[in-house]
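Enquirer: Residue numbers (this note's numbering): 3 to 78. Pasting in a structure now, in structure tokens, and then I'll have a few things to ask.
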């Protein structure tokens with residue numbers, strides 16, 4: 003069985019992929035919170051985002067990660 007370590011990129015012939023732009027629901031929470039996610043109970047910090055995926059799954063996104071990877075869609 004192959005094993006891949008967190009801090010090492012294996013010398014494999016990787017392809018590049020671009021994540022599909024699938025809109026999800028999200029809201030920034032202004033206090034600490036908890037979410038029952040597919041991984042169990044997850045804690046969010048003040049300013050983190052509560053996300054609802056395309057299959058209704060809920061998860062937490064750190065505020066700094068959200069800012070780097072998401073854009074809010076203007077639905078007007």
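Note that beta-carbon positions come from the ideal geometry of N, C-alpha and C, so glycine has one too. Quick caveat: nothing in here was measured; it's all calculated off a predicted structure.
(1) With a threshold of 16 other CB atoms inside 10 Å of the CB of residue 46, please say whether the residue is buried or exposed.
(2) Any heavy atom of the ligand MG inside 7 Å of the beta-carbon of residue 5?
(3) Any idea what DSSP makes of residue 16, helix, strand or coil?
(4) What distance in whole Å lies between the Cβ atoms of residue 64 and residue 80, which are believed to be in contact at a cut-off of 8 Å?
(5) Report back the beta-carbon spacing between residue 54 and residue 60 to the nearest angstrom; my notes put them in contact at under 8 Å.
(6) Determine whether the beta carbon atoms of residue 74 and residue 24 lie at a separation below 8 Å.
Expert: According to the data block:
(1) Residue 46 should be labelled buried.
(2) For the ligand MG, the structure offers nothing, since it holds no ligand at all.
(3) The three-state reading of DSSP puts residue 16 in coil, since its state is none of H, G, I, E or B.
(4) Limits of the chain in this structure are 3 at one end and 78 at the other, which puts residue 80 out of reach.
(5) Contact holds; Cβ gap of about 6 Å.
(6) Going by C-beta atoms, residue 74 is not nearer than 8 Å to residue 24.
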